[in-house]
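J.: At position 61 of the sequence shown (counting the first as 1) the number is 61 in UniProt numbering, and the numbers step up by one without a gap.
Every residue, glycine too, gets a C-beta built ideally from N, C-alpha and C.
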Amino acid sequence: MQIVRGRAPETTPTQARTETFTGTVWGDPVLPTTAEGNTINSVTFTPGARTYWHHHTAGQILVVTAGLGWVCTHGERPQVIRAGDVVWVPPGERHWHGGTPDTVMTHLAVSLGPTVWLDEVAEDDYRGAER
């Protein structure tokens with residue numbers, strides 16, 4: 001068992017996320033990566049910011065804590081998510097998530113097992129929710 005008590009001085013500082021994200025995204029590690037590759041991060045997406053396409057070997061849980069955003073499974077239209085929503089993404093499901101074009105969104109991302117990062121989300125795919 002491991003207990004992480006809030007933001008201790010020795011924890012990792014807030015990080016600008018760049019390599020696998022489009023736009024300005026900030027991440028706060030909540031739980032250091034476990035031996036199994038599980039992570040918990042509080043992630044804030046500015047308007048228009050989003051993840052690249054990706055999937056998780058054992059799934060992902062998103063708990064939206066503030067704002068309004070989109071989540072999208074490959075081959076489907078983006079869906080609106082807002083503060084209070086919880087999203088379950090099954091293992092291996094290719095998806096992305098982020099803010100809308102004009103709103104910030106913060107979520108707690110519980111990633112189970114390693115994350116497999118794929119390609120950048122095309123602007124047409126991102127804007128699909130507006131159609």
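(1) Whole angstroms is fine: what's the gap from Pro91's alpha carbon to Val116's?
(2) Since Gly128 and Thr103 should fall inside the 8 Å C-beta cutoff, what is the C-beta to C-beta distance between them, to a whole number of angstroms?
(3) May I ask which residues mark the beginning and end of the beta strand (DSSP E) holding Asp28?
(4) How would you call Gln15, buried or exposed, if buried means at least 16 neighbouring beta carbons within 10 angstroms?
(5) Give a yes or no on whether the C-beta atoms belonging to His55 and Arg17 are separated by under 8 Å.
(6) Considering only the alpha carbon of each residue, which of Arg77, Val86 and Gly113 lies closest to Thr57?
(7) Which of the three DSSP states, helix, strand or coil, is assigned to Gly128?
(8) Whole angstroms is fine: what's the gap from Phe21's alpha carbon to Gly99's?
(9) Going by C-alpha distance, which of Ala49, Trp26, Thr33 and Val89 is nearest Glu123?
T.: Let's see:
(1) Within the model, the alpha-carbon separation for Pro91 versus Val116 is close to 11 Å.
(2) With 8 Å as the limit, Gly128 and Thr103 do not qualify as a contact, their Cβ atoms being about 17 Å apart.
(3) From DSSP, the beta strand (DSSP E) with Asp28 extends over Val25 to Leu31.
(4) By the neighbour-count rule (16 or more Cβ atoms within 10 Å), Gln15 is not buried but exposed.
(5) Contact: no.
(6) Cα-wise, what sits closest to Thr57 is Gly113.
(7) Per DSSP, reduced to three states, the secondary structure at Gly128 is helical.
(8) As the crow flies, the alpha-carbon of Phe21 is around 12 Å from that of Gly99.
(9) Residue Ala49 is the option with its Cα nearest to Glu123.
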